[in-house]
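Numbering (our numbering), first residue to last: 272 to 386.
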């Protein structure tokens, strides 16, 4: 089994170039930064773009930088992010790339969807 990961930033000209990179992908992790609202409001459009090119493929939403958020605010942010994404995804995961928190769970969840 070979895993190829593309890290496509979502700001500049993303929608114009992304379909070429996304075509044929078996799944996606769409990432939003919990400390930047603009990335959270863009989650659904990124999920929709992926699914328009790869219908029926699994998508998981990673809500990153959980290490910057007080524990008592994490659940509220998770619920708010779920409300922003109207497309079908297999799950949401609070993560921290800095500390590694739940990054392995994120990839395991996506891999389970392929089985």
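Ideal placement from N, C-alpha and C gives every residue a C-beta, glycine not left out.
Bridge partners of residue i, per DSSP?
i: residue 268; result: The structure shown does not extend to residue 268, since the chain is modelled only from 272 through 386, so no value can be given for it.
Keeping to the same chain, check which residues put their C-beta closer than 6 Å to that of residue i; ignore five residues upstream and five downstream.
i: residue 306; result: 336, 339
i: residue 319; result: 358
i: residue 384; result: 329, 361
Between the alpha carbons of residue i and residue j, how many angstroms are there, rounded?
i: residue 350; j: residue 311; result: 12 Å
i: residue 288; j: residue 278; result: 13 Å
i: residue 344; j: residue 360; result: 23 Å
i: residue 353; j: residue 378; result: 19 Å
i: residue 274; j: residue 346; result: 31 Å
i: residue 341; j: residue 286; result: 33 Å
i: residue 309; j: residue 348; result: 13 Å
i: residue 374; j: residue 292; result: 23 Å
Which same chain residues end up closer than 8 Å to residue i when comparing Cβ atoms and leaving out the 5 residues on each side of it in sequence?
i: residue 294; result: 324, 325
i: residue 372; result: 337, 338, 365, 366
Here's a check: name, in chain order, each residue in its chain whose Cβ is nearer than 7 Å to the Cβ of residue i, leaving out the five neighbours to either side.
i: residue 381; result: 298, 300, 329, 331
i: residue 356; result: 314, 315, 318, 332
Is residue i close to the ligand MN? I mean its beta-carbon at under 8 Å from any heavy atom of the ligand.
i: residue 369; result: The ligand MN is absent from the structure shown, which contains no ligand whatsoever.
_Sufficient close CB pairs (3 or more, under 8 Å) joining the stretch 298 to 312 to the stretch 324 to 341_ = Inter-segment contact for the stretch 298 to 312 and the stretch 324 to 341 is present: three or more beta-carbon pairs are separated by less than 8 Å.
*asked:* Which complete beta strand (DSSP E) runs does the stretch 345 to 371 hold, if anything under 3 residues is left out?
replied: For secondary structure counted as the beta strand (DSSP E) over 3 or more consecutive residues, the stretch 345 to 371 holds these complete runs in sequence order: 362 to 365.
*Mind the definition here: the stretch 329 to 346 touches the stretch 365 to 372 only if three or more C-beta pairs lie below 8 Å; say whether that holds.*
Yes: at least three Cβ pairs fall under 8 Å.
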